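Note sheet for the following structure.
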Amino acid sequence: MENVVVENIYLLVVVTLISVLQNAFFALKVERQSLSSAAFERVSCANRNCMDAYPTFLAVMWCGGLCLSQAPAAFAGIIYLVVRQKYFVGYMGQTSQSTPGYLFGKRVLFFLFLMCIIGIFNYLLVRHYGNEYKEYVETITSASSALLLLP
Amino acid sequence: MENVVVENIYLLVVVTLISVLQNAFFALKVERQSLSSAAFERVSCANRNCMDAYPTFLAVMWCGGLCLSQAPAAFAGIIYLVVRQKYFVGYMGQTSQSTPGYLFGKRVLFFLFLMCIIGIFNYLLVRHYGNEYKEYVETITSASSALLLLP
Amino acid sequence: MENVVVENIYLLVVVTLISVLQNAFFALKVERQSLSSAAFERVSCANRNCMDAYPTFLAVMWCGGLCLSQAPAAFAGIIYLVVRQKYFVGYMGQTSQSTPGYLFGKRVLFFLFLMCIIGIFNYLLVRHYGNEYKEYVETITSASSALLLLP
Numbered sequence: 005m006e007n008v009v010v011e012n013i014y015l016l017v018v019v020t021l022i023s024v025l026q027n028a029f030f031a032l033k034v035e036r037q038s039l040s041s042a043a044f045e046r047v048s049c050a051n052r053n054c055m056d057a058y059p060t061f062l063a064v065m066w067c068g069g070l071c072l073s074q075a076p077a078a079f080a081g082i083i084y085l086v087v088r089q090k091y092f093v094g095y096m097g098q099t100s101q102s103t104p105g106y107l108f109g110k111r112v113l114f115f116l117f118l119m120c121i122i123g124i125f126n127y128l129l130v131r132h133y134g135n136e137y138k139e140y141v142e143t144i145t146s147a148s149s150a151l152l153l154l155p
Numbered sequence: 005m006e007n008v009v010v011e012n013i014y015l016l017v018v019v020t021l022i023s024v025l026q027n028a029f030f031a032l033k034v035e036r037q038s039l040s041s042a043a044f045e046r047v048s049c050a051n052r053n054c055m056d057a058y059p060t061f062l063a064v065m066w067c068g069g070l071c072l073s074q075a076p077a078a079f080a081g082i083i084y085l086v087v088r089q090k091y092f093v094g095y096m097g098q099t100s101q102s103t104p105g106y107l108f109g110k111r112v113l114f115f116l117f118l119m120c121i122i123g124i125f126n127y128l129l130v131r132h133y134g135n136e137y138k139e140y141v142e143t144i145t146s147a148s149s150a151l152l153l154l155p
Numbered sequence: 005m006e007n008v009v010v011e012n013i014y015l016l017v018v019v020t021l022i023s024v025l026q027n028a029f030f031a032l033k034v035e036r037q038s039l040s041s042a043a044f045e046r047v048s049c050a051n052r053n054c055m056d057a058y059p060t061f062l063a064v065m066w067c068g069g070l071c072l073s074q075a076p077a078a079f080a081g082i083i084y085l086v087v088r089q090k091y092f093v094g095y096m097g098q099t100s101q102s103t104p105g106y107l108f109g110k111r112v113l114f115f116l117f118l119m120c121i122i123g124i125f126n127y128l129l130v131r132h133y134g135n136e137y138k139e140y141v142e143t144i145t146s147a148s149s150a151l152l153l154l155p
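Residue numbers (the numbering used here), protein chains in the order written: chain F, 5 to 155; chain G, 5 to 155; chain Y, 5 to 155.
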C-alpha cells in the first residue's frame, strides 16, 4: 500500500507484532505444561483469559490510533502488553497464593476507549463546525498517556 | 489520520466501541459470579461463546463496511449486539429452562457476509467493465438491512 | 470506500471471508456434536484452539498485507486455512490415536510475521534514506511464499 497509509499505522503494526510474539510465548507455555495436570490447568486458564481479551484490545487500540493519533495508542498498547505479561506470570505462580481475577489492564483499555471517543467526537465537531483543534487534542492525549506509567 | 479516512469508518468505530462496552459488561458479570459455582459455570460459558464469535463478527462487519458502505454494516452490527445481549441474558436464566445453543446472530452475520461478497464482486465488475452501479447496490443494501428488524 | 482502497485489500477480504465460512463450519460441528459427550469434548476443544489463534492470524495477515503486498499474504492465508482444516479434522479422529498439540500453522504465521517485519523495515528505510527498493522486496516475497507449499 502507499507509504502515506503505512506512515499512519506503522507504530500500531509494531505493537501488534509484539503482541503476536507474546501470544506465541503463551501458547508455547501451554504446550510445554501439558504433561503435569495442575500446572497445565493454571497455564491454560491464564492463556484463555488473555486470549478472550485479545480482540477487544486490538479493536480499541486500532480504533484509537486511527481516529486520534497513533503514538499514544501504541504507547498504551505497550503498557497493556507489560500488564498482560505480569498477569500471566502471576497466574502461573504458586497454587497457594491467590490468583489474579479475570480482568486485567482495565485502566489501559479505558484510556484507549477514551481516545476513540474523543477521536469520534473530534471528527464530528470538525465536520459540523469546521473548527480544527485536533492538534490541540493530540498534544493533550500524548501528555496524558504518560499517566499510565503511574502504578 | 486524515478526516477523509475517518469519514468512511466512524460509524464502524462507534459500533466497535459499543461492542467493547458489552464485552466489559460480560467480563464484569463473570468476575462477580466467581463465588457461586453453578451460576459461574453458566456465565462463564455464555461469555466464552460470545468471545469465540467476536473476532468473526468484527472481521465481517469491517470488511462489509469498507467494501460496500458503512451505514448498513453499522446498523447490522447494532442488531447483532442486541441479539448477543439477549443471548447472554437468556443463558444466565433459570437452570431448569433449556439454554440457547452455541450459535446466535446467524442471520445478521450472514447479511454482513453477503455485503462483503457483493462489495468484492462489485469492485471486480467495476474494475473489469468500468460500469459504475455501486450507488445502486448501496441503496438496495441500505433498504434490505431494514429486513433484519423482522423477528 | 474509494476503489483505490479496496484494490489494496480485496484479496485479504476474500481470505477473511473464507476463514469466516470455516469458522461457521467449525461452529456447526460443535452444535451437532453436543449430544454425545465424548465427541463433543474433542470437537469443542479443537474449535476452541482454532478460535484462540484466530485473532492472531487475522492481525498478522492484515498487517503483512497492508505493509508489504497483499498477494503473498492472501496466499499464505489460504495455506493457513488448509492447515487449520487438517488440524480440525485430525483432532476429531479416533480417540485411540494421539491428538495434535495446541499449536498449528506455525510456519505460515512465522512467514506472515516476517512479512510484517520486512514491510515495517522497508517503510523506515524508504522514509529515512529515500531509496525505493520496495518492488524488489515484493518480488522476493511473492517468490518465497511458494516455499510454504513444501510439506
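Even for Gly, the Cβ is constructed at its ideal location relative to N, Cα and C. The structure presented is a predicted model; accordingly, all values stated were derived computationally and were not measured.
Contact under 7 Å by Cβ, residue i with residue j
i	j	result
L16 (chain F)	Q74 (chain F)	yes
N117 (chain Y)	V34 (chain Y)	What sits at residue 117 (chain Y) in the sequence shown is Phe, not Asn. No.
S23 (chain G)	P76 (chain G)	no
N51 (chain Y)	F29 (chain Y)	no
Y127 (chain Y)	P59 (chain G)	no
Inter-residue spacing [alpha-carbon to alpha-carbon] between residue i and residue j
i	j	result
S100 (chain G)	R36 (chain Y)	Low confidence applies to S100 (chain G): its pLDDT is 49, below 50, so where it sits in the model is not reliable enough to give any reading.
Y95 (chain Y)	G81 (chain Y)	21 Å
T4 (chain G)	F115 (chain F)	Outside the shown range of chain G (5 to 155) lies residue 4 (chain G), about which nothing can therefore be said.
I83 (chain F)	L153 (chain F)	8 Å
F61 (chain Y)	M55 (chain G)	16 Å
I124 (chain Y)	H132 (chain Y)	12 Å
I109 (chain G)	Y91 (chain G)	The sequence shown places Gly at residue 109 (chain G), not Ile. Their backbone Cα atoms lie some 9 Å apart in a straight line.
F79 (chain F)	C49 (chain G)	33 Å
R88 (chain Y)	N53 (chain Y)	10 Å
G68 (chain G)	T145 (chain G)	11 Å
A42 (chain G)	E45 (chain F)	20 Å
M119 (chain G)	V93 (chain F)	43 Å
I121 (chain G)	L70 (chain Y)	20 Å
L151 (chain F)	V18 (chain G)	25 Å
V86 (chain G)	R111 (chain Y)	39 Å
A147 (chain Y)	Y140 (chain F)	46 Å
V130 (chain G)	N27 (chain F)	40 Å
L32 (chain F)	T143 (chain G)	49 Å
L107 (chain Y)	L72 (chain Y)	26 Å
G97 (chain G)	V47 (chain G)	10 Å
L113 (chain Y)	W66 (chain Y)	12 Å
Proximity test, Cβ basis, 7 Å: residue i and chain G
i	result
A80 (chain F)	no
T145 (chain F)	no
V19 (chain Y)	no
A31 (chain Y)	yes
Y127 (chain Y)	no
Where residue i sits in the DSSP three-state scheme
i	result
M5 (chain G)	Low confidence applies here, because M5 (chain G) scores a pLDDT of 43, under 50, leaving its location unreliable; read the following figure in that light. Correct three-state label for M5 (chain G): coil.
S100 (chain F)	With a pLDDT of only 49 at S100 (chain F), under the threshold of 50, the placement of this residue in the model should not be trusted; the figure read from the coordinates follows. In this structure, S100 (chain F) counts as coil in the three-state DSSP scheme.
L151 (chain G)	helix
L32 (chain Y)	helix
F115 (chain Y)	helix
G109 (chain G)	coil
is_contact[residue i, chain Y] using C-beta, thresh 7 Å
i	result
V24 (chain F)	yes
N27 (chain F)	yes
C54 (chain G)	no
P76 (chain F)	no
C4 (chain G)	The first residue shown for chain G is 5 and the last is 155, placing residue 4 (chain G) beyond what the model contains.
C49 (chain G)	no
Residue range of the alpha helix (DSSP H) that includes residue i
i	result
G94 (chain Y)	74-95
Min CB distance residue i to chain F below 7 Å
i	result
E45 (chain G)	no
L107 (chain Y)	yes
V64 (chain Y)	yes
E142 (chain G)	no
Y58 (chain G)	yes
Check: residue i C-beta below 6 Å from any heavy atom of the ligand NAP
i	result
R36 (chain F)	Looking for the ligand NAP in the displayed structure turns up nothing, as the structure carries no ligands at all.
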